[in-house]
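K.L.:
Let me begin by handing over the structure; questions about it come next.
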Amino acid sequence: MRQWKRRASAFAATLLGLSACAGPAAPERAPAALAIDRVTVIQIEGGTDRGAVARVLADHRVVVDGDRIVWVGSAGEGPRAARTVDGRGRFLIPGLWDAHVHFLYDEALTEAMPGLFLDWGITSVRDTGGDLETLVALRARLRETRTPAPRIFVAGPLLDGRHVVYDGANPSQPALGTSVPDPTTATRQVALLAEGGADLIKIYELVSPEVFDALVVAARGHGLPIASHVPLSLTADVAGPQVDSMEHLRNVELACARDWQALHAERVRALAAWTQPRGYPLRKSLHEAQRFAAIADHDPDRCEQVLAALRGTMQVPTLRLNAFDQARPDRLAAWARAVEALPADVRVRWSETARTLAAEGERDLRFAEWSLSLVGRMDAAGVPIGAGTDTPIRLAVPGESLHRELELLVEAGLEPAEALAASVRAPARFMRIEDRLGRIAAGQLADLVLLEANPLEDIRNTRRIVGVVSQGRYRVPGE
Ligand SMILES: [Zn+2]
């Protein structure tokens, strides 16, 4: 974690001197840096194991100093502040997380991503796959140059199997992954990541059961939380309970099929028989052979058993990605506006892709619909949900896409308070910092989003951002 630095500036000291001359006998303390006064505070309670609820505190004042919230209470009360933001008619929520991002997927976007996240109220992100050294250097540089950026937690590379899906063969499959062919390599690899500054590990789809086990044991040994795709060699009910988060609902449909055992046996055979060098076509061929067959053969009773096994594992469904074909970006006005803020070369490329998509006509919606309905069932079954987008993969604008994800979580059946909890509480719990981050209370880290409308009434109001407090610093989007 970053250190908490109390900033008593020369300017504040001067003010203190003046006010001390003016009157009170007792020495006054320097004012805090920032207050948001007469605001409606939206406190998200619970939402990690059971359904979250929102507590609405009207006419409040929140005081921030250094990296912390130092006081929360009634409007007009509490310690003095050097700067006061008018909160009348506005709503204050904890800073949002995007729990699934890739800073290194498209290098043309890497530099722009931190600022875009903050503009959209994203004050913490989990990078779930990319070269560790590059990511750690990026994070250090942002910190040293005091560049506004969210809190960044990194996994390092996708830990893949004998074959690697993201092997750098072409621009849409950059080298985000690394090969972990055997348990010995798994143990060594996790030790290197822990030493190199990883905050979590990410297990990918082509690992063998032996490598999966070795990765889990090693990560536990180093105290690192585990994010994972369900490996094709395993099933969701077996792999899921051993890890802390699962991504994209990936391969859950295979475990929920009536003939899941036959599908699994077929995959194990195909994985062993693969002789080509690349992993991407292997994964693709298995998804193509089994995904729609499994969805068509969905067994609700079997699926209830699978979901019951996942009550301790945060699900990051990335509905934005899974339901991409249901409401493609090229049909969303908010997407077109958000793209305007991207670097020019990316904007041109993405607009071209969007035009191609628009020309393709109707798409198969079975996977989108299945994903939305499964998230609703997961929520009902008490499975914790986390909000993540996979930005910038598949035209996901950094920052803006998280708001799309929140909308889709509500569409899937979550209450707005639960969708907010998926973004402000569940990822902090995954990173084991929920005692410090995610609530608006004295002593908590100061990450906040000031909105001009109530997100509990309409989740789309999370887009209506007036200002963002990130690590104690106040920022107006776009400035
Ligand atoms: Zn990803």
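Take the sequence shown: its position 138, counted from the start at 1, is 334 in this note's numbering, and no numbers get skipped.
Note that the Cβ used here is the ideal one computed from N, Cα and C, for glycine as well.
I'd like to know if the segment 254-262 and the segment 622-630 are in contact, where contact means that at least 3 CB-CB pairs between them fall below 8 Å.
P.N.:
no
K.L.:
Does the structure place the segment 452-462 close enough to the segment 519-531 that three or more beta carbon pairs sit under 8 Å?
P.N.:
No: the two stretches stay apart, fewer than three of their Cβ pairs being nearer than 8 Å.
K.L.:
If you run the structure through DSSP and keep just helix, strand and coil, what is T509?
P.N.:
If DSSP states are grouped into helix, strand and coil, T509 belongs with coil.
K.L.:
Cα-Cα, which of R339, Y301, F349 and T330 is closest to S320?
P.N.:
Closest option to S320, Cα to Cα, is F349.
K.L.:
Look at the Cβ atom of V376, then the Cβ atom of D363, and state whether they are nearer than 8 Å.
P.N.:
no
K.L.:
Runs of 3 residues minimum, wholly inside the segment 571-632: which ones carry the beta strand (DSSP E) assignment?
P.N.:
none
K.L.:
Taking DSSP as the reference, what is the three-state secondary structure of L211?
P.N.:
For L211, the pLDDT reaches just 35, beneath the cut-off of 50, and the residue's location in the model is therefore unreliable, although a value from the coordinates is still provided. Correct three-state label for L211: helix.
K.L.:
Can you list, in chain order, the residues of its chain with a C-beta nearer than 6 Å to that of R659? Leave out the 5 residues immediately preceding and following it.
P.N.:
H599
K.L.:
Can we say the segment 608-617 touches the segment 304-313, given the rule of at least three CB pairs closer than 8 Å?
P.N.:
no
K.L.:
If you follow the beta strand (DSSP E) that W267 is in, where does it begin and where does it stop?
P.N.:
Start and end: R264 to S270.
K.L.:
Quick one: residues in its chain with C-beta nearer than 6 Å to the C-beta of W566, no 5 flanking neighbours on either side, listed in chain order?
P.N.:
I491
K.L.:
Less than 7 Å separating the Cβ of D395 from some heavy atom of ligand 1?
P.N.:
No, the Cβ of D395 stays beyond 7 Å of every heavy atom of ligand 1.
K.L.:
Closer than 8 Å is the cut-off here; do at least three beta carbon pairs connect the segment 528-544 with the segment 665-672?
P.N.:
Here the segment 528-544 does not lie against the segment 665-672, with fewer than 3 beta-carbon pairs under 8 Å apart.
K.L.:
Is the closest heavy atom of ligand 1 to the C-beta of H298 under 7 Å?
P.N.:
yes
K.L.:
Pull up the distance between the alpha-carbon of S569 and that of V439, whole angstroms please.
P.N.:
23 Å
K.L.:
By the 10 Å Cβ neighbour count, where 16 or more other Cβ atoms means buried, how is E603 classified, buried or exposed?
P.N.:
buried
K.L.:
Quick one: any contact between the segment 226-245 and the segment 633-643, if contact means 3 or more CB pairs under 8 Å?
P.N.:
yes
K.L.:
Can you say whether G392 is buried or exposed, counting buried as having 16 or more other CB atoms within 10 angstroms of its CB?
P.N.:
Classification of G392: exposed, given that the 10 Å Cβ count is below 16.
K.L.:
To the nearest whole angstrom, what separates the beta carbons of S429 and V386, a pair I think is in contact under 8 Å?
P.N.:
Contact doesn't hold; Cβ gap of about 19 Å is too wide.
K.L.:
With I348 as the anchor, note down where its beta strand (DSSP E) starts and where it stops.
P.N.:
R347 to V350
K.L.:
Answer yes if the segment 589-598 comes into contact with the segment 287-307, meaning at least three C-beta pairs across the two stretches below 8 Å, and no otherwise.
P.N.:
yes
K.L.:
I'd like to confirm something about D586: is its beta-carbon nearer than 7 Å to some heavy atom of ligand 1, or not?
P.N.:
Checking every heavy atom of ligand 1 against the Cβ of D586, one is found closer than 7 Å.
K.L.:
Heavy atom of ligand 1 less than 7 Å from the Cβ of T324, yes or no?
P.N.:
yes
K.L.:
What span of residues does the alpha helix (DSSP H) with Q457 cover, start to end?
P.N.:
That run of the alpha helix (DSSP H) goes W456 to A469.
K.L.:
Looking at the secondary structure, which residues open and close the alpha helix (DSSP H) in which S424 lies?
P.N.:
It is not in any alpha helix (DSSP H) - S424 instead sits in the beta strand (DSSP E) that spans I422 to S424.
K.L.:
Give the straight-line distance between the Cα atoms of A333 and G242, rounded to the nearest whole angstrom.
P.N.:
35 Å
K.L.:
Counting only the same chain and skipping the five closest in sequence on each side, list residues whose C-beta sits under 6 Å from that of V426.
P.N.:
A432, A435, R446 and N447
K.L.:
Which of helix, strand or coil does DSSP assign to Y476?
P.N.:
helix
K.L.:
Identify every residue that forms a DSSP beta bridge with T374.
P.N.:
According to the DSSP secondary-structure assignment, T374 is paired through a beta bridge with L355.
K.L.:
Which residue from G285, M510 and A530 puts its Cα closest to that of R656?
P.N.:
If we check each option's Cα against that of R656, A530 comes out closest.
K.L.:
Distance, Cα to Cα, A550 vs G557?
P.N.:
12 Å
K.L.:
Quick one, are the C-beta atoms of P353 and L338 less than 8 Å apart?
P.N.:
no
K.L.:
Return the first residue and the last residue of the beta strand (DSSP E) that W293 is part of.
P.N.:
Looking at the DSSP string, the run of the beta strand (DSSP E) that includes W293 is L292 to V297.
K.L.:
What span of residues does the beta strand (DSSP E) with R279 cover, start to end?
P.N.:
A277 to D282
K.L.:
Tell me which residues share the same chain as G595 and place their Cβ nearer than 7 Å to its Cβ, disregarding the 5 neighbours each side in the sequence.
P.N.:
L312, F313, D315, W316 and I318
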